[in-house]
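K.L.:
Going letter by letter, the sequence shown gives residues 1 to 199 in UniProt numbering. This is the structure I want to talk about, given as C-alpha cells.
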Amino acid sequence: MFRPLTVAAPRIRFSRFISTVESGTAYENHTISIFNRLGASLERTGGAGDNGVDFRGPWTLPDQQQFYLVGQCKYYERKKIGPSVIREWEGVMSRQELDTLGVVAASSGFTPACIQEALSSIYPIALVAIDGGDMSNQCTNVEEAIRGFVWNKAADTFIGKLVVAKKHYDLCKLDQADPAMYTIQLLWNGQPLPPSISK
C-alpha cells in the first residue's frame, strides 16, 4: 500500500526570521558574553578581514594566571561541526603568539571525528558547545548555556586546572521526558568559575 511521505515541519528558534549573518553575529555576541562572565575580557572581531577570528582578548583565571584567547563561532540549528573546521582553525592558530589559547564554539556540538582532530592537534585548542537557544537574553545562566567543554593536551598549560563536571537538575524539577538532563559546571579549585557567578 502506498503511503505519502510526510516531513515534520522544522522548529523555528527565533520569533522572527533573521538572516544567517544576523544569527552568526548574535551567536558571537552570546558566546563573548558567556566567556566574559567567566573572567575573560573578550571583544568581537568578526566580519570581513577577521582572518577567521571572531573574538579575542585576555582571560584571567582566579589564581591570576592570564593568557590570550582567540575564538571562532559556528552557529547551526542542527549540524554538528566536522574535522575540517579544526584543520582550518589550525591555520589560524599557526599565526598566533605562543601564549594564545584557541577556542571553537559551536551551537550544535561537534562530531566525534572533530573532537579527535582537536585532541590530536599540536596547537592549544578548546572546543565549547554553547547553546544558542535564547541569544537575546544576555542574562542566560552560564551553567545552562554551556553544554560541553573539552580541550587538548597543548591547552593544559592554560586551563589544565579547570574541572568540567555534570550538574544534574534537582530531582523535584527533573524533566521526566528527559531524565538525563544536566548542565555543565566549571570548577576551579573546587569553586564555580568565577566564584562570584553564584552570587
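Ideal placement from N, C-alpha and C gives every residue a C-beta, glycine not left out.
1) Can you tell me whether K167 is helix, strand or coil according to DSSP?
2) Pair every Cβ in the segment 75 to 87 with every Cβ in the segment 53 to 64, then say whether three or more of these pairs are closer than 8 Å.
3) So for K153, helix, strand or coil by DSSP?
4) For S94, is the classification buried or exposed, using 16 other Cβ atoms within 10 angstroms of its Cβ as the cut-off for buried?
5) In the DSSP assignment, find the unbroken beta strand (DSSP E) run with Q116 in it and report its ends.
6) Would you kindly work out how many angstroms separate the C-alpha atoms of R37 and F110, rounded to a whole number?
7) Apart from the five residues on each side of it in sequence, which residues of its chain come closer than 7 Å, Cβ to Cβ, to T6?
8) Can you give me the start and stop residues for the beta strand (DSSP E) that P58 sits inside?
9) Helix, strand or coil for Y27, going by three-state DSSP, please let me know.
10) Return the Cβ separation of K167 and Q185 in integer angstroms, given the expectation that the two are a contact with Cβ distance under 8 Å.
11) Under 8 Å, do G132 and G102 count as touching if we go by C-beta distance?
12) Let's test the definition: count the other Cβ atoms within 10 Å of the Cβ of G24 and tell me whether it reaches 16, buried, or not, exposed.
13) Using CA atoms only, rank isn't needed, just tell me which of G82, V53, S33 is closest to E117.
14) Since I86 is in the alpha helix (DSSP H), which residue starts that stretch and which ends it?
P.N.:
Walking through what the data contain:
1) For this step, residue 167 is matched to residue 167 along the sequence shown. Reduced to three states, the DSSP call for K167 is strand.
2) Touching, no, given that fewer than three Cβ pairs across the two stretches are closer than 8 Å.
3) What you label residue 153 is simply residue 153 of the sequence shown in a count that begins at 1. DSSP places K153 in helix when its eight states are reduced to three.
4) Counting from one through the sequence shown, the residue named residue 94 turns up at place 94. S94 should be labelled exposed.
5) As a first step, residue 116 is located in the sequence shown; it is residue number 116 there, counting from the start. It is not in any beta strand (DSSP E) - Q116 instead sits in the alpha helix (DSSP H) that spans 112 to 119.
6) Translated into the one-based positions of the sequence shown, residue 37 becomes position 37. Translated into the one-based positions of the sequence shown, residue 110 becomes position 110. Each residue's Cα considered, the two are about 23 Å apart.
7) Position 6 of the sequence shown holds residue 6. Confidence at T6 is low in this model, with a pLDDT of 35, below 50, so its placement is unreliable and the value that follows should be read with caution. Once the five neighbours on either side are set aside, T6 has no close Cβ partner at all.
8) Your numbering for residue 58 matches position 58 in the sequence shown. From DSSP, the beta strand (DSSP E) with P58 extends over 55 to 60.
9) In the sequence shown, residue 27 corresponds to position 27, counting from 1. Helix, per DSSP.
10) The residue labelled residue 167 in the question sits at position 167 within the sequence shown. The residue labelled residue 185 in the question sits at position 185 within the sequence shown. With 8 Å as the limit, K167 and Q185 qualify as a contact, their Cβ atoms being about 4 Å apart.
11) Here residue 132 refers to the residue found at position 132 when the sequence shown is read from its first residue. Here residue 102 refers to the residue found at position 102 when the sequence shown is read from its first residue. Not a contact, by the Cβ cut-off of 8 Å.
12) Along the sequence shown, one-based indexing puts residue 24 at 24. Buried is the call here.
13) Here residue 117 corresponds to residue number 117 of the sequence shown, with the count starting at 1. Cα-wise, what sits closest to E117 is G82.
14) The sequence position of residue 86 within the sequence shown is 86, counting from 1. Looking at the DSSP string, the run of the alpha helix (DSSP H) that includes I86 is 83 to 93.
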